[in-house]
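Residue numbers (the working numbering), protein chains in the order written: chain D, 8 to 387; chain S, 8 to 387.
Input: a single structure, listed below in structure tokens.
There are 2 protein chains.
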Amino acid sequence: MTTSLPAWGRTQTPASPLGLHRVLDPPGVLPQAAWRLDPNPAIAPDEVRVRVDRLNLDAASYRQLRETYAGDPDKIRSAVLDIIATRGKMQNPVTGSGGMLTGTVEEVGPASPLGLQPGQRIATLVSLTLTPLVITDSLYRWDTKSEQVPCEGHAILFARSIAAVLPDDLPVPLSLAVMDVCGAPALTSRVVYEGAVVAVLGAAGKSGSLSAAAARQSGAAKIIGVVPNEVEAALLRNPRTTQDGGAEGPATGVLPRPATDLRAPQSPLVDEVVIADARDPVGLATKVQEAGGPADVTVVCVDAAGCEGGAILSTAPGGTVIFFSMATSFSAAALGAEGLAADVSMLIGNGYVPGHAEFALNLIRATPTVRALFERRIEQ
Amino acid sequence: MTTSLPAWGRTQTPASPLGLHRVLDPPGVLPQAAWRLDPNPAIAPDEVRVRVDRLNLDAASYRQLRETYAGDPDKIRSAVLDIIATRGKMQNPVTGSGGMLTGTVEEVGPASPLGLQPGQRIATLVSLTLTPLVITDSLYRWDTKSEQVPCEGHAILFARSIAAVLPDDLPVPLSLAVMDVCGAPALTSRVVYEGAVVAVLGAAGKSGSLSAAAARQSGAAKIIGVVPNEVEAALLRNPRTTQDGGAEGPATGVLPRPATDLRAPQSPLVDEVVIADARDPVGLATKVQEAGGPADVTVVCVDAAGCEGGAILSTAPGGTVIFFSMATSFSAAALGAEGLAADVSMLIGNGYVPGHAEFALNLIRATPTVRALFERRIEQ
């Protein structure tokens with residue numbers, strides 16, 4: 008593990024926990040804002056090198072590449088290789104987005120605070136847009152038909168990077184899907200208190216269902232799950248009824264779930280299911296009210312614009328709205344609360360809370376209804 | 008005060024605290040989203056009617072009107088009258104924005120929770136975009152050279168509208184300037200605790216200086232004021248040195264300030280003045296660190312895009328960032344915190360906190376340095 012020290016000693020650049028020492032161009036910016044990073048495999052004392060086996064491209068980036076090259080696999084592969092070779096990271100220059108990766112820990116610097124051990128299989132929870140990366144194969148195993156890119160190469164984690172060990176007891180696609188939204192249940196758990204009335208907008212989705220499970224665990228007195236239509240409502244009432252056929256047989260790469268988990272009786276994920284358009288403030292607030300609201304805590308997981316007013320209006324004075332949807336408009340929330348004279352705290356959903364991945368994985372282990380919802384979405 | 012009851016009784020529409028009963032087109036939306044409101048002067052039991060004497064048009068709306076009509080006073084006056092007559096409110100259909108108004112309380116419904124009395128001079132703190140309004144004069148007193156529109160007419164406040172009584176001891180322009188940003192110090196005061204290190208980005212501005220004063224009152228151990236250049240730094244160090252000439256003589260309509268207030272010794276508004284570009288995350292965080300940071304609470308009052316990363320990086324783990332700038336990007340804040348693995352709470356600055364106007368007016372009375380900063384900006 009000390010082989011890497013001389014390399015950084017020679018450069019005279021002290022390692023930065025944020026990876027500033029890896030920024031080549033323009034100097035001084037954060038790695039995410041940089042055009043080019045230094046993916047030198049020699050690690051600083053607080054860094055970790057990972058042997059990469061798969062990139063998971065961000066959906067927007069993958070779509071842009073596929074459309075630009077009209078689905079031509081060779082051109083798409085070259086484009087990705089070219090971006091990584093040029094920039095030292097996989098950040099699509101058009102969309103600005105990245106993705107995440109999985110791999111095996113290869114070398115851990117003696118001062119790394121990440122607690123990783125060589126040989127562990129991990130997923131990075133920070134974006135590829137700030138992760139130094141080298142690809143050494145031709146991506147020949149990637150048919151370019153999905154954003155999952157099997158590959159060979161290495162990546163560097165900084166002291167302040169985030170990575171999670173992939174658990175042995177869960178299928179990798181399920182773990183990745185959970186980790187992708189793991190900030191939401193962790194922050195919900197912090198905010199919800201014993202006896203709180205909680206409304207979850209988009210409760211049948213990935214971040215929504217995990218947030219509902221987190222709220223339950225934090226002692227919520229009542230959980231109101233809001234969904235846009237009857238299909239989602241049925242799913243939320245009983246995630247298993249609608250998928251009885253396929254879910255019993257394990258899909259390729261999916262471990263069979265223990266039958267005991269699936270059959271064990273448990274409290275429902277939500278206490279009230281409300282069908283409403285979250286973009287209609289008065290309609291939503293009225294229905295949440297009828298279902299036992301207003302909410303002390305409203306969790307917004309609907310990936311649609313224009314839900315700020317409804318969330319605010321569904322929340323009791325002194326309550327809190329947590330916005331996890333990336334479609335949230337800062338000014339619509341700020342001005343909406345002012346226009347409604349609503350004394351509510353409004354939190355920007357931070358994707359990072361210490362221990363968030365482990366917390367979310369434990370929730371999915373403990374909550375078969377949420378697991379069933381996830382598996383349904385992964386299969387689709 | 009009961010003369011108005013029959014009018015609403017006849018319409019069979021129960022009054023809504025949000026003013027839904029005043030929405031004519033399209034039905035069911037919030038007043039702000041409506042194309043047309045009913046400005047009938049007969050008030051519902053929980054409403055208040057105000058005799059309007061002045062509109063303060065939103066800057067964006069005023070600029071659009073002036074540019075569209077090439078500064079022609081007659082055309083600008085007709086355009087404003089036409090908008091108000093058509094929509095029942097002053098919401099510029101191009102910019103979507105409104106403004107605020109001042110006037111005198113004329114009639115208070117018996118069930119109004121606003122605590123107003125007939126004869127009180129008030130300013131509305133909710134936008135004109137949701138306030139039913141009728142103008143009865145030709146705006147002949149408005150020279151259209153400023154966004155201040157002297158006028159005659161009436162406006163309606165709902166149960167959940169916000170209005171503040173204009174104080175007798177402060178000049179109206181000063182009170183209006185304070186009320187315009189009064190949400191910031193109120194929320195800062197809630198978040199800051201005894202012994203906290205507080206960084207205020209944009210500390211020499213209106214919301215920034217009031218937030219610094221609020222942080223001081225809440226017992227902050229150290230206040231770091233961040234400004235973009237030496238001019239603002241000098242202003243923050245001593246707001247009075249640079250304006251000795253003009254400020255001594257009262258401007259038109261501005262009451263003379265009591266000399267005792269101005270001369271009284273007091274603790275400085277901030278403990279450390281830092282000159283930094285808030286859009287440079289590493290540069291900002293380094294300078295805040297050197298000045299005694301990281302901050303437990305960072306208050307963002309810089310009206311420029313791209314300050315999210317710097318604010319997050321200047322904040323200690325477990326700390327809070329309050330974003331008041333309307334230039335804040337929700338996704339930049341959410342993804343920025345995740346990319347930096349920053350365990351910080353991020354609050355959307357809600358412009359409404361109960362009692363915010365009175366709180367801010369008291370701060371300006373008690374803090375001559377902040378008052379001097381405000382008066383400087385009003386005079387410019």
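Ideal Cβ placement from N, Cα and C applies to all residues, glycine included.
Note that this is a predicted model, so its numbers are computed, not measured.
Below-8 Å beta-carbon distance, residue i vs any chain S residue
i                      : result
residue 4 of chain D   : Given a span of 8 to 387 for chain D in the structure shown, any question on residue 4 of chain D remains unanswerable.
residue 218 of chain D : no
residue 35 of chain D  : yes
residue 323 of chain D : no
residue 338 of chain D : yes
residue 25 of chain D  : yes
Assigned secondary structure, residue i (DSSP; H/G/I helix, E/B strand, else coil)
i                      : result
residue 331 of chain S : coil
residue 376 of chain S : helix
residue 131 of chain S : strand
residue 352 of chain S : strand
residue 414 of chain D : The structure shown does not extend to residue 414 of chain D, since chain D is modelled only from 8 to 387, so the question has no answer here.
residue 43 of chain S  : strand
residue 25 of chain D  : coil
residue 229 of chain S : strand
residue 107 of chain S : strand
residue 2 of chain D   : One cannot answer for residue 2 of chain D here, as it falls past the ends of chain D, which runs 8 to 387.
residue 185 of chain D : helix
residue 304 of chain D : strand
residue 282 of chain S : strand
residue 243 of chain D : helix
residue 148 of chain S : coil
residue 209 of chain D : coil
residue 179 of chain D : helix
residue 199 of chain D : coil
residue 254 of chain S : Caution is warranted here: a pLDDT of 35 is assigned to residue 254 of chain S, below 50, making its placement in the model unreliable, and the coordinate value is therefore given only provisionally. DSSP places residue 254 of chain S in helix when its eight states are reduced to three.
residue 309 of chain S : coil
Whole-number beta carbon distance between residue j and residue i, since they are thought to touch under 8 Å
i                      : j                      : result
residue 340 of chain D : residue 355 of chain S : 5 Å
residue 118 of chain D : residue 52 of chain D  : 4 Å
residue 96 of chain D  : residue 136 of chain D : 6 Å
residue 358 of chain D : residue 345 of chain S : 3 Å
residue 231 of chain S : residue 188 of chain S : Rounded, the Cβ-Cβ distance is 20 Å, inconsistent with contact.
residue 61 of chain S  : residue 157 of chain S : 6 Å
residue 234 of chain D : residue 206 of chain D : Wrong, their Cβ atoms sit about 12 Å apart, outside the cutoff.
residue 93 of chain D  : residue 67 of chain D  : Actually they are not in contact, since the Cβ atoms of residue 93 of chain D and residue 67 of chain D sit about 20 Å apart, beyond 8 Å.
residue 46 of chain D  : residue 139 of chain D : 4 Å
residue 307 of chain S : residue 332 of chain S : 5 Å
residue 289 of chain S : residue 27 of chain D  : 6 Å
Cβ of residue i within 8 Å of any chain D Cβ
i                      : result
residue 203 of chain S : no
residue 335 of chain S : yes
residue 135 of chain S : no
residue 316 of chain S : yes
residue 256 of chain S : Because residue 256 of chain S carries a pLDDT of 34, less than 50, the predicted location of this residue cannot be relied on, and no value is offered for it.
residue 224 of chain S : no
residue 39 of chain S  : yes
residue 311 of chain S : no
residue 123 of chain S : no
residue 341 of chain S : yes
In DSSP terms, what residue i is bridged to
i                      : result
residue 138 of chain D : According to DSSP, residue 138 of chain D bridges with nothing at all.
residue 368 of chain S : According to DSSP, which records beta bridges pairwise, residue 368 of chain S is partnered with nothing at all.
residue 164 of chain S : S/55
residue 90 of chain S  : None, per the DSSP bridge assignment.
residue 113 of chain D : Residue 113 of chain D pairs with nothing; no bridge assigned.
residue 62 of chain S  : S/108, S/156
residue 322 of chain S : S/302
residue 32 of chain D  : D/43
residue 170 of chain S : S/131
residue 204 of chain S : S/229
Residue i Cβ short of 7 Å to the ligand ATP heavy atom set
i                     : result
residue 63 of chain S : Although the ligand ATP was asked about, the structure shown includes no ligands whatsoever.
Residues from the region 344 to 378 of chain D in contact with chain S, defined by Cβ distance under 9 Å: Of all residues in the region 344 to 378 of chain D, the ones placed with a Cβ closer than 9 Å to any Cβ belonging to chain S are 344, 345, 346, 347, 348, 349, 350, 351, 352, 353, 354, 355, 356, 357, 358, 359, 360, 361, in chain order.
Selection of the region 287 to 309 of chain S by Cβ proximity to chain D, strictly under 7 Å: Answer set for the region 287 to 309 of chain S: 288, 289.
Contact list for the region 167 to 198 of chain D against chain S, Cβ threshold 8 Å: Residues of the region 167 to 198 of chain D that bring their beta carbon within less than 8 Å of a beta carbon in chain S comprise 167, 168, 169, 190, in sequence order.
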